[in-house]
Structure formats: structure tokens, C-alpha cells
Amino acid sequence: MDLLKEKILKEGIAVNENILKVDSFLNHQVDTKLMIEIGKNFAAYFQSKNIDKVVTIEASGIAPAFTTANFLNVPLVIFKKQHSSILNHDLFETTVHSFTKNSDYKLTASKKFLKENENILMIDDFLANGEAVLGTSRILNAAKCNLQGVGIVIEKSFQPGRNKLENAGLDVYSLARIAKLGNGIIEFI
Ligand code: 5GP
Numbered sequence: 098m099d100l101l102k103e104k105i106l107k108e109g110i111a112v113n114e115n116i117l118k119v120d121s122f123l124n125h126q127v128d129t130k131l132m133i134e135i136g137k138n139f140a141a142y143f144q145s146k147n148i149d150k151v152v153t154i155e156a157s158g159i160a161p162a163f164t165t166a167n168f169l170n171v172p173l174v175i176f177k178k179q180h181s182s183i184l185n186h187d188l189f190e191t192t193v194h195s196f197t198k199n200s201d202y203k204l205t206a207s208k209k210f211l212k213e214n215e216n217i218l219m220i221d222d223f224l225a226n227g228e229a230v231l232g233t234s235r236i237l238n239a240a241k242c243n244l245q246g247v248g249i250v251i252e253k254s255f256q257p258g259r260n261k262l263e264n265a266g267l268d269v270y271s272l273a274r275i276a277k278l279g280n281g282i283i284e285f286i
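So for the sequence shown, the numbering used here puts the first residue at 98; every next one is plus one.
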């Protein structure tokens, strides 16, 4: 998606060889017009998959997931991060390793909002090692939902996420795919 790539080149900051900072338009300040274009693009790509719900993980996936769900005309379900263990029989729960924080968190979703056989699209801001998507997929399996696709705003293709998700049989569609990050360097595939 050219508009997104231009924005990344103009405002993205490679913090080091592994982390891209995009807090001026994606996950701190939000460019709402860009989010609308992102939502249109994901909705067009996944239109034929009969999606019943879009899911994402709080907080940085919410903006692109919201616009995607709006264009697909379906609800958005936001999976929650809990930093201590909680025992609640009304929730699905799994442990996920956070790439940016290098620590584990519990990912949870209410059983109320995931029904058997629903077709689900997951949207997230970044794909790095794929742990966030795999955790989401475990919850959807427990709910007997069908994960029909994964939409990623920025994929860091030099990290193992895409391979892991493809090996798990998932359809991964990324709007920008980064080949290399470094001091002042952002290169796309
Ligand atoms: P994964 O689970 O694929 O290893 O990491 C995905 C999650 O880590 C994303 O939801 C995102 O919040 C965060 N993340 C991974 N890489 C980056 C990055 O380069 N920049 C930012 N801002 N977040 C990242």
C-alpha cells in the first residue's frame, strides 16, 4: 500500500535493527484518514471470506481493526492483555510472549463474543515473531471459530513471524513488508 509506505518512510523511526517506531501515525498519535484507507484495503482483500467478526489485541491493533470491521460491516472484538493470572470461567485465556516487552502476558477474550463456527479475521499493527497471532489463533481454536485470515499493517519480513504463520496454514496479508531496518535505514521488500 503506497500511501502507508510513504508515511513509514517519512515518519517511521528505526530504533535499532529490530524495532520500528511509528507513534506519530499508528499507535500513539493516529492518522485517522490513513486508518480509513487501511480499513478499505483489508476489507477489499478479505471480502470474499464471509467474515463474521474482526478481532485484534489491545491497544495498538484497535485503530486499523476498527476501520476494517466498519468496512466489512461486522463487529470488532478486542482481545485483552492481563499481566497477572486470573481464573475466570467466562473467559478464554492463553499466554503470549511479547516481542517489544520481552515478557509474557495473558491474552483473554470473553466467551460471550466468540461463537462456534464464526469466521474471524485478525488485524494487528505489526508482525514480528508471530506470537500475538498464534496466541489469538489458540483462543479461536478453543472457541471453535475459523480464523479465515490475518491482516498485518507492517510486517518485518526479516523476522520469523510470516514463516511461522504460513506453516500453521494461515493466510497472511501485509500492507507493508520491511526487508531491513537499521540506523536511518528502512527498506521494503
Ligand atoms: P509478534 O507477536 O509478532 O512477535 O509481535 C507483534 C506485536 O509486537 C505487535 O502487536 C506489536 O504491538 C509489537 N511489535 C512488534 N514489533 C514491533 C515494532 O517494530 N514496533 C512496534 N511499535 N511494535 C512492534
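By construction, the Cβ of each residue, glycine as well, lies at the ideal position given by its N, Cα and C atoms.
For residue i, count neighbouring Cβ atoms within 10 angstroms of its own Cβ and tell me buried if that reaches 16, exposed if not.
i: Pro161; result: buried
i: Thr153; result: buried
i: Leu106; result: exposed
i: Ala141; result: exposed
i: Val112; result: exposed
i: Ile290; result: What is shown of the chain runs 98 to 286, which leaves residue 290 out entirely.
i: Ser271; result: buried
i: Lys241; result: exposed
Residues in the same chain with beta-carbon distance under 7 Å from residue i, minus the five sequence neighbours each way, listed in chain order, please.
i: Leu262; result: Gly227, Val230, Val247, Val269
i: Phe210; result: Val174
i: Phe285; result: Lys102, Ala273, Arg274, Ile275, Ala276
Can you tell me which of the options puts its alpha carbon nearest to the alpha carbon of residue i?
i: Ala276; options: Lys177, Pro257, Asn264, Ala265; result: Pro257
i: Leu267; options: Asn138, Ile282, Thr233; result: Thr233
i: Asn167; options: Asn185, Asp187, His186, Ile135; result: Ile135
i: His46; options: Ser157, Lys137, Ala111; result: The first residue shown for the chain is 98 and the last is 286, placing residue 46 beyond what the model contains.
i: Thr97; options: Met219, Asn185, Asp187; result: Because the chain here runs from 98 to 286, residue 97 falls outside it and cannot be looked at.
i: Phe139; options: Leu278, Asp221, Ser207; result: Asp221
i: Asn280; options: Asn264, Ile249, Arg235, Glu114; result: Glu114
i: Val151; options: Asp187, Lys102, Leu272, Asn243; result: Asn243
i: Phe255; options: Asn214, Asn185, Gln245, Leu278; result: Leu278
i: Lys146; options: Ala273, Ile217, Ser271; result: Ile217
i: Lys198; options: Ile133, Ala240, Ala225, Asn264; result: Ala225
i: Leu100; options: Ala265, Ile251, Asn264; result: Ile251
i: Asn238; options: Glu213, Ile133, Ile249; result: Glu213
Taking 8 Å as the limit between beta carbons, can you name the residues of its chain near residue i, skipping five residues before and five after?
i: Tyr202; result: Lys178, Gln179, His180, Thr192, Val193, Ser195
i: Phe122; result: Lys104, Glu108, Asp128, Leu131
i: Gln144; result: Leu169
i: Lys137; result: Thr164, Phe168
Among residues of its own chain, excluding the 5 on either side of residue i, which ones have a beta-carbon nearer than 6 Å to its beta-carbon?
i: Gly109; result: Leu117, Val119, Ile283
i: Leu204; result: Phe176, Thr191, Val193, Gly232
i: Ala206; result: Phe176, Phe189, Ile236
i: Lys208; result: Asp187
i: Pro172; result: Lys150
Indicate the three-state DSSP secondary structure (helix, strand or coil) for residue i in the structure shown.
i: Gly109; result: coil
i: Gln126; result: coil
i: Leu184; result: coil
i: Leu169; result: helix
i: Lys241; result: coil
i: Ile116; result: coil
i: Leu232; result: Here residue 232 is Gly; the residue named in the question, Leu, does not match the sequence. In this structure, Gly232 counts as helix in the three-state DSSP scheme.
Residue i CB to nearest chain B CB: under 7 Å?
i: His125; result: Absence of chain B from the displayed structure is noted, only one protein chain being present.
What are the residues that DSSP puts in a beta bridge with residue i?
i: Glu252; result: Leu224, Arg274
i: Ser195; result: Ser200
i: Val152; result: Val174, Met219
i: Ala206; result: Phe189
i: Ile282; result: Gly279
i: Gly246; result: Leu218
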